[in-house]
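J.: Let me give you the structure first, and then I'll get to my questions.
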Amino acid sequence: MKVDGQHYRTLRAEPAANRVHIIDQTLLPHAFEMRALDSPEAVAEAIVSMRVRGAPLIGVTAAFGVALAMNRDASDACLLETRDRLRATRPTAVNLAWALERMMQALAPLPVPRRAAAAWDLAQAIADEDAAINEAIGRNGLALLEAEHFLKKRPINVLTHCNAGWIVTVDWGTALAPLYMAHDRGIPVHVWVDETRPRNQGLLTAWELAGHGVPHTLVADNAGGHLMQQGLVDLCIVGADRVTRRGDVCNKIGTYLKALAAHDNGVPFYAAVPTPTIDWEIDDAIEGIPIEERSGDEVRIVRGLDASGRPASVTIARASTKVVNPAFDVTPAKYVTGIVTEKGVHPATEAGLAAARPAS
Ligand code: MRU
Numbered sequence: 420m421k422v423d424g425q426h427y428r429t430l431r432a433e434p435a436a437n438r439v440h441i442i443d444q445t446l447l448p449h450a451f452e453m454r455a456l457d458s459p460e461a462v463a464e465a466i467v468s469m470r471v472r473g474a475p476l477i478g479v480t481a482a483f484g485v486a487l488a489m490n491r492d493a494s495d496a497c498l499l500e501t502r503d504r505l506r507a508t509r510p511t512a513v514n515l516a517w518a519l520e521r522m523m524q525a526l527a528p529l530p531v532p533r534r535a536a537a538a539w540d541l542a543q544a545i546a547d548e549d550a551a552i553n554e555a556i557g558r559n560g561l562a563l564l565e566a567e568h569f570l571k572k573r574p575i576n577v578l579t580h581c582n583a584g585w586i587v588t589v590d591w592g593t594a595l596a597p598l599y600m601a602h603d604r605g606i607p608v609h610v611w612v613d614e615t616r617p618r619n620q621g622l623l624t625a626w627e628l629a630g631h632g633v634p635h636t637l638v639a640d641n642a643g644g645h646l647m648q649q650g651l652v653d654l655c656i657v658g659a660d661r662v663t664r665r666g667d668v669c670n671k672i673g674t675y676l677k678a679l680a681a682h683d684n685g686v687p688f689y690a691a692v693p694t695p696t697i698d699w700e701i702d703d704a705i706e707g708i709p710i711e712e713r714s715g716d717e718v719r720i721v722r723g724l725d726a727s728g729r730p731a732s733v734t735i736a737r738a739s740t741k742v743v744n745p746a747f748d749v750t751p752a753k754y755v756t757g758i759v760t761e762k763g764v765h766p767a768t769e770a771g772l773a774a775a776r777p778a779s
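Right, dumping it as structure tokens:
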């Protein structure tokens, strides 16, 4: 996608220079800066601090972390240690474990001298696949928007939560890909963007949509139910960090409440995910998906720019106030109208998702 008219992918590898360039998302939406990562430790730091974030992108970035490690030491011990270190960075998005296992399975059988080159090639292949997968998600989701517009003959209002745009993937995004394509094809869409406290990923969504010229309005997290009651939302589309084979959707905290409001108001609710986001093993999403617990400071402290445009933070809670900060929640499949993947739009059921299952 483009920033100031120039095409970017979120990640650019330079194997010969032992570097991977990422967009530092902690600076967005106020500053757009690339940052070079040159070690698995730097990759781990970038994932933990959310310089790179979003399920597909952390998987791809971790794959490059393995390649950076193999440049330094391609032994079995280093391969295992790197896998474990990167896997521990964020627990909820299954794409991270998926990408690391894919790297392990390809590299472990190889002779040590061949591992580094193979690691860079495979990490790049995973990155290229991700861009292609998300483009296909965009096309499949576009059909939903086209159908809605055909019926209603007016701009289609879509509500989204968090940021599932091009910056959480290598390119295109998941939930936002259909919106970019609809806009490009002249289908009028307007996006209600949830602010998404406490990390405010909605501000990144607003930045992305503005960059692509898609009409949008930022709303406080609690506004969605009211907008739906007023008939101002035609459908909801969110991304996800993990979807179970039964169609339960684990996504950014607050998604569940939006799905409940959508259900109560007859608003279709979709999750758009690449198939590596589907966890085929877990039976019970609420019991089985590890929900990341983040620092209470994310709730206590609000970051932004001060009146002179300089980065600033403001403490809004008393230091003694107890805070709990779960980063994700689970939306049960019964509230999900469909799961959009690169393979199609599936009912959120085990039978419906069977069509998305990779051949084993
Ligand atoms: O904590 P984050 O910002 O990495 O979480 C990202 C999300 O939860 C997004 O909603 C997204 O859908 C998952 S990435 C496509």
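Taking our numbering, the leading residue of the sequence shown gets 420, the next gets one more, and so forth. Built from N, CA and C at the ideal position, the CB exists for glycine as well.
Judging by CA-CA distance, which residue of D653, A681 and T696 is the nearest neighbour of V668?
T.: Against the sequence shown, residue 668 aligns to sequence position 249. Taking only the C-alpha atoms, the option nearest V668 is T696.
J.: Look up C669 in the DSSP assignment and give the residues it is bridged to.
T.: Within the sequence shown, residue 669 is the residue found at index 250, counting from 1. According to DSSP, which records beta bridges pairwise, C669 is partnered with R661 and V749.
J.: Let me check understanding here. Comparing Cα to Cα, which of A639, D603, V755 and L623 lies closest to Y675?
T.: The count along the sequence shown starts at 1 and reaches residue 675 at position 256. Taking only the C-alpha atoms, the option nearest Y675 is V755.
J.: Considering Cα atoms alone, identify which of Q524, V686, A736 and I442 is closest to V721.
T.: Taking the first residue of the sequence shown as position 1, residue 721 is located at position 302. The option with the nearest alpha carbon to V721 is A736.
J.: Using 8 Å for Cβ pairs, my map puts P459 next to L487. What's the rounded Cβ distance?
T.: What you label residue 459 is simply residue 40 of the sequence shown in a count that begins at 1. What you label residue 487 is simply residue 68 of the sequence shown in a count that begins at 1. Going by Cβ atoms, the distance from P459 to L487 rounds to 5 Å, so yes, they are a contact pair.
J.: Give me the DSSP bridge partner(s) of W611.
T.: Numbered from 1 along the sequence shown, position 192 holds the residue referred to as residue 611. Note: W611 sits in a beta bridge opposite L578 and T636.
J.: Starting from V513, trace the alpha helix (DSSP H) both ways and give me its first and last residue.
T.: In the sequence shown, residue 513 corresponds to position 94, counting from 1. Counting along the chain, the alpha helix (DSSP H) containing V513 begins and ends at V513 to L526.
J.: Are there any heavy atoms of the ligand MRU lying less than 6 Å away from the beta-carbon of N744, as far as the coordinates show?
T.: Counted from its first residue, the sequence shown places residue 744 at position 325. Not under cutoff, so the answer is no.
J.: State the Cα-Cα distance for the pair M523 and R533, rounded to the nearest angstrom.
T.: The count along the sequence shown starts at 1 and reaches residue 523 at position 104. The count along the sequence shown starts at 1 and reaches residue 533 at position 114. Rounded to whole angstroms, M523 to R533 spans 14 Å at the Cα level.
J.: Does at least one heavy atom of the ligand MRU sit under 6 Å from the Cβ of Q444?
T.: Mapped onto the sequence shown, residue 444 falls at position 25. No - the ligand MRU has no heavy atom lying nearer than 6 Å to the Cβ of Q444.
J.: Could you give the distance in angstroms between the alpha-carbon of L578 and the alpha-carbon of L526?
T.: Taking the first residue of the sequence shown as 1, we reach residue 578 at position 159. Taking the first residue of the sequence shown as 1, we reach residue 526 at position 107. Using only the alpha carbons, I get a separation of about 42 Å.
J.: Of all the options L519, Y427 and T624, which has the alpha carbon lying nearest to the alpha carbon of E614?
T.: As a working mapping, residue 614 is identified with position 195 in the sequence shown. From the listed residues L519, Y427 and T624, the smallest Cα separation to E614 is found for T624.
J.: Measure the C-alpha to C-alpha separation of V633 and Y599 and round it to an integer number of angstroms.
T.: Here residue 633 refers to the residue found at position 214 of the sequence shown. Here residue 599 refers to the residue found at position 180 of the sequence shown. Approximately 7 Å between the Cα atoms of the pair.
J.: Could you spell out where the beta strand (DSSP E) holding T480 opens and where it closes?
T.: Residue numbering aside, residue 480 sits at position 61 when the sequence shown is read from its first letter. Segment A474 to R491 is the alpha helix (DSSP H) holding T480; no beta strand (DSSP E) there.
J.: Any heavy atom of the ligand MRU within a distance shorter than 6 Å of the CB on A681?
T.: Locating residue 681 in the sequence shown gives position 262, where the first residue counts as 1. No, Cβ of A681 sits at least 6 Å from all heavy atoms of the ligand MRU.
J.: Return the chain-ordered list of same chain residues with a C-beta closer than 6 Å to the C-beta of V467, the five sequence neighbours on each side being excluded.
T.: Position 48 of the sequence shown, counted from the start, is the residue given in the question as residue 467. T508.
J.: Sorry if obvious, but does the Cβ on R472 come closer than 6 Å to a heavy atom of the ligand MRU?
T.: Taking the first residue of the sequence shown as position 1, residue 472 is located at position 53. Yes; taking the cut-off as 6 Å, the Cβ of R472 has a heavy atom of the ligand MRU nearer than that.
J.: Can you list, in chain order, the residues of its chain whose CB lies under 7 Å from that of A639, leaving out five sequence neighbours each side?
T.: Looking up residue 639 in the sequence shown gives position 220. Closer than 7 Å at Cβ, skipping near neighbours: E614.
J.: Once the 5 residues before and after V749 are set aside, which same chain residues still bring their CB inside 6 Å of it?
T.: Indexing the sequence shown from 1 puts residue 749 at position 330. Excluding residues within five positions, the ones whose Cβ falls inside 6 Å are D667, C669, A704 and I705.
J.: Alpha carbon to alpha carbon, what distance is there between C581 and A619?
T.: Taking the first residue of the sequence shown as position 1, residue 619 is located at position 200. Taking the first residue of the sequence shown as position 1, residue 581 is located at position 162. It is Asn, not Ala, that sits at residue 619 in the sequence shown. Between N619 and C581, the C-alpha separation is close to 7 Å.
J.: Around the C-beta of N641, are 16 or more other C-beta atoms found within 10 angstroms, so that it is buried, or is it exposed?
T.: Position 222 of the sequence shown, counted from the first residue, corresponds to residue 641. When all chains shown are included, N641 counts as exposed.
J.: Going along the chain, which unbroken runs of the alpha helix (DSSP H) with 4 or more residues stay wholly within the segment 705 to 735?
T.: 716 to 719
J.: Among T740, D549, A432 and T734, which has the Cα closest to the Cα of D457?
T.: Translated into the one-based positions of the sequence shown, residue 457 becomes position 38. Taking only the C-alpha atoms, the option nearest D457 is A432.
J.: Measure how close the beta-carbons of I442 and I545 come, nearest whole angstrom, since I'm counting them as under 8 Å.
T.: Translated into positions along the sequence shown, residue 442 becomes position 23. Translated into positions along the sequence shown, residue 545 becomes position 126. Not quite, the Cβ-Cβ distance comes to about 18 Å (not below 8 Å), so this is no contact.
J.: Can you find a heavy atom of the ligand MRU that lies under 6 Å from the Cβ of V589?
T.: Taking the sequence shown and counting its residues from 1, the one referred to as residue 589 is at position 170. Distance from the C-beta of V589 to the nearest heavy atom of the ligand MRU is not below 6 Å.
J.: Between the alpha carbons of D725 and G644, how many angstroms are there, rounded?
T.: One-based indexing of the sequence shown puts residue 725 at position 306. One-based indexing of the sequence shown puts residue 644 at position 225. Answer to the nearest angstrom: the Cα atoms are 31 Å apart.
J.: Let me know if M453 comes out buried or exposed under the rule of 16 or more other beta-carbons within 10 Å of its beta-carbon.
T.: To locate residue 453, count along the sequence shown from 1; it is residue 34. With fewer than 16 other Cβ atoms within 10 Å, it is exposed.
J.: For the beta strand (DSSP E) that contains Y427, what are its first and last residues?
T.: Along the sequence shown, one-based indexing puts residue 427 at 8. Note, Y427: premise wrong, no beta strand (DSSP E); not H, not E.
J.: When the Cα of R521 is compared with those of D423, A542 and P475, which residue comes out closest?
T.: Taking the sequence shown and counting its residues from 1, one reaches residue 521 at position 102. The option with the nearest alpha carbon to R521 is A542.
J.: Based on DSSP bridge pairs, tell me the residues matched to G690.
T.: Counting from one through the sequence shown, the residue named residue 690 turns up at place 271. The sequence shown places Ala at residue 690, not Gly. Partner(s): V657 and I758.
J.: Could you give the DSSP three-state label for A738: helix, strand or coil?
T.: Reading the sequence shown from its first residue, position 319 is the one you call residue 738. Reduced to three states, the DSSP call for A738 is coil.
J.: Say yes only if the C-beta of A583 is nearer than 6 Å to one or more non-hydrogen atoms of the ligand MRU, and no if none qualify.
T.: The residue labelled residue 583 in the question sits at position 164 within the sequence shown. Yes, the beta carbon of A583 sits closer than 6 Å to at least one heavy atom of the ligand MRU.
J.: To the nearest angstrom, how far is the alpha carbon of W591 from that of D698?
T.: Residue numbering aside, residue 591 sits at position 172 when the sequence shown is read from its first letter. Residue numbering aside, residue 698 sits at position 279 when the sequence shown is read from its first letter. About 22 Å.
J.: Any heavy atom of the ligand ZN closer than 6 Å to the Cβ of T593?
T.: Of the ligands one can find in the structure shown, namely the ligand MRU, none is the ligand ZN.
J.: Step through the CB atoms of chain D and report whether any lies within less than 7 Å of the CB of V467.
T.: Chain labels in this structure do not include chain D; a single protein chain is all it has.
J.: Would you please state the rounded distance, in angstroms, between the beta carbons of I575 and E567? I believe it to be under 8 Å.
T.: Here residue 575 corresponds to residue number 156 of the sequence shown, with the count starting at 1. Here residue 567 corresponds to residue number 148 of the sequence shown, with the count starting at 1. Rounded to the nearest angstrom, the Cβ distance from I575 to E567 is 5 Å, consistent with a contact under 8 Å.
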